[in-house]
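Chemist: Got a structure for you, written out below as structure tokens; questions coming shortly.
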Amino acid sequence: MNPLTHEWIQKAEEDFEAAQRLFRSRKVPLWNAVCFHAQQCVEKYLKACLQEKGLDIPKVHHLASLLDKLVISSPLLEAMRPDLTLLTNFAVEFRYPGESATRDDAKQAVKICRHVRMAVREMLCGEQPPSR
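Numbering-wise, our numbering puts 118 at position 127 of the sequence shown, and it's gapless, one number per residue.
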């Protein structure tokens, strides 16, 4: 595996861990932050795929745009598009006044994140990540 791919994965795992911990926190629920870190985790995993394939990595946060670059060589990833679109919306909408994430939004964001994370890790590493 390319060393930069590994670094993308490490950074994605930090966001995954942050989303998990924040989602489990009950004292001060931070649902907006859960959604943001879930989106960031997926974004970094998609960028790890681009890195490993030797493709340009755009400085964008729109997950469907990253997917567009990947489905050419990995068409099975297309099935993730609806979830990636939703996750992008969660990350963008909840970062500004006027909208706030609910517990249900955060739960859905973490669920999508786990699914994409497992699929991409299997594709990149041939492994299933440990369940958390």
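The C-beta atom is built at its ideal place from N, Cα and C for all residues, glycine as well. The model shown is predicted, which means the values in this text are computed figures rather than measured ones.
Leaving out five residues on either side along the sequence, give the residues of the same chain with a beta carbon under 6 Å from the beta carbon of L13.
Modeler: L21, A24 and V25
Chemist: Over what stretch of residues does the alpha helix (DSSP H) that includes H28 continue unbroken?
Modeler: W22 to E43
Chemist: CA-CA distance, I103 and S64?
Modeler: 22 Å
Chemist: Report back the beta-carbon spacing between V83 and L54 to the nearest angstrom; my notes put them in contact at under 8 Å.
Modeler: Going by Cβ atoms, the distance from V83 to L54 rounds to 10 Å, so no, they are not a contact pair.
Chemist: Looking only at its chain, what residues have a beta carbon closer than 6 Å to the beta carbon of D140, apart from the 5 residues adjacent to it on each side?
Modeler: An answer regarding residue 140 cannot be provided, because it is not within the stretch -8 to 123 covered by the chain.
Chemist: Do L46 and K60 have their C-beta atoms closer together than 8 Å?
Modeler: yes
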